[in-house]
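Right, one structure below, let's go through it.
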Amino acid sequence: MDSPRPHERPAVFDRILTPLHRWIWSDTDRRVQKLLRFGETETDGGRDILRAAEVTSDPLLRRLYLEHAIDEFRHGVLFRHRAAVLLKASASRFNNGFQGNWIAPGGHGLDDLQVDGESDSDMLAFLHLSEKAAASRFTVYRDVMQHDPPTRAVFEEILHDETFHMNYTLTQLARVEPQQHKRHLWRARLSRLWKAYLRLATGLAGILGSILLTIQYFVLLPPFAWLAKRAARREHFGWTAVSPGRNDSLNRQY
Ligand SMILES: [Fe+2]
Ligand SMILES: [Fe+2]
Numbered sequence: 245m246d247s248p249r250p251h252e253r254p255a256v257f258d259r260i261l262t263p264l265h266r267w268i269w270s271d272t273d274r275r276v277q278k279l280l281r282f283g284e285t286e287t288d289g290g291r292d293i294l295r296a297a298e299v300t301s302d303p304l305l306r307r308l309y310l311e312h313a314i315d316e317f318r319h320g321v322l323f324r325h326r327a328a329v330l331l332k333a334s335a336s337r338f339n340n341g342f343q344g345n346w347i348a349p350g351g352h353g354l355d356d357l358q359v360d361g362e363s364d365s366d367m368l369a370f371l372h373l374s375e376k377a378a379a380s381r382f383t384v385y386r387d388v389m390q391h392d393p394p395t396r397a398v399f400e401e402i403l404h405d406e407t408f409h410m411n412y413t414l415t416q417l418a419r420v421e422p423q424q425h426k427r428h429l430w431r432a433r434l435s436r437l438w439k440a441y442l443r444l445a446t447g448l449a450g451i452l453g454s455i456l457l458t459i460q461y462f463v464l465l466p467p468f469a470w471l472a473k474r475a476a477r478r479e480h481f482g483w484t485a486v487s488p489g490r491n492d493s494l495n496r497q498y
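Counting from 1, position 170 in the sequence shown corresponds to residue 414 in our numbering; the numbering is continuous, with no gaps.
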């Protein structure tokens, strides 16, 4: 593993999950799907930041947001191109296996961004934490990608931009909110924590649901299948004559 530069030191949680990330990225199909998903997240994030550039009344922020949005669109293209190359090279079919998206979603967390109605300071706090999370995860992804140098180079290139995004958002937050920028950061942190909890709970609910349905399938269904088979065995074969009383009236259906 490379020794990271100080601003690229991954968060403790990402470092703990390094073996899981290494396993996830070791499979080509999973890698393609992750890259496509990242490409989507980056492009969506770019679109939201473009919207942030439209709604802000701060000229400097507008210019920075525009540059930021262009970077995110470029990241989307880089991820998609790399996924396309891997897809062409891979002869096997897609498998929709475990990707751990609910543990570590598509790098950024920019998909949670809601631009309209947010103040500049809230937007900057949210962007700063998202970019910090992206820089941390992309550092881990780059480091576990020794077996795939071109994908590693993509992460290396994008990591450079994410670090810049992480730094400029913090500098601008301190500029627009010199007194209370830490409070905004904490509020954004709590909001991210709540969303992470919801993501984790949804993932766990999905796993528990699958386990319960599997248990139901193997435990509850067999007695019903046995009863249905037994009832079928008792049925007479072929046509069954009805009692004459039921043939009397033609005024009703039954
Ligand atoms: Fe990005
Ligand atoms: Fe970014």
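All C-beta atoms in this analysis are idealised placements derived from N, C-alpha and C, irrespective of residue type, glycine included.
All values derive from a computational prediction rather than experimental measurement.
Between the alpha carbons of residue i and residue j, how many angstroms are there, rounded?
| i | j | result |
| --- | --- | --- |
| Pro263 | Ser380 | 15 angstroms |
| Thr407 | Asp360 | 25 angstroms |
| Phe282 | Arg318 | 12 angstroms |
| Val420 | Ser365 | 7 angstroms |
| Glu479 | Ser454 | 36 angstroms |
| His404 | Ser435 | 26 angstroms |
| Lys376 | Phe468 | 54 angstroms |
| Arg275 | Trp269 | 5 angstroms |
| His391 | Asp273 | 15 angstroms |
| Glu362 | Gly290 | 17 angstroms |
| Asp271 | Glu298 | 41 angstroms |
| Ala255 | Ala440 | 15 angstroms |
| Pro422 | His409 | 19 angstroms |
| Arg307 | Thr415 | 15 angstroms |
| Arg295 | His325 | 25 angstroms |
| Leu417 | Glu311 | 17 angstroms |
| Pro248 | Ile402 | Residue placement at Pro248 is poorly supported in this model, since its pLDDT is 46, which falls under 50; the coordinates are not used for a value here. |
| Leu448 | Trp470 | 33 angstroms |
Span of the alpha helix (DSSP H) holding residue i?
| i | result |
| --- | --- |
| Gly453 | His425 to Val463 |
| Thr484 | No alpha helix (DSSP H) holds Thr484; DSSP gives it neither H nor E. |
| Asp364 | Asp364 to Asp387 |
| Val256 | Val256 to Ile260 |
Count the other C-beta atoms from every protein chain shown that fall within 10 angstroms of the C-beta of residue i, then say buried if there are 16 or more, exposed otherwise.
| i | result |
| --- | --- |
| Ser374 | buried |
| Asp246 | Low local confidence applies: a pLDDT of 43 at Asp246 is under 50, so the model's placement there is unreliable, with the coordinate-based value given in what follows. Burial call: exposed. |
| Leu456 | exposed |
| Thr484 | exposed |
| Tyr412 | buried |
| Tyr461 | exposed |
| Val321 | exposed |
| Arg386 | buried |
| Ala327 | buried |
| Val388 | buried |
| Gln277 | buried |
| Val398 | buried |
| Ala378 | buried |
### Secondary structure, alpha helix (DSSP H): runs of 4+ residues fully inside the region 270-317
272-299
#### Entry: Within the region 386-421, ranges of the alpha helix (DSSP H) (whole runs, at least 4 residues)
393-420
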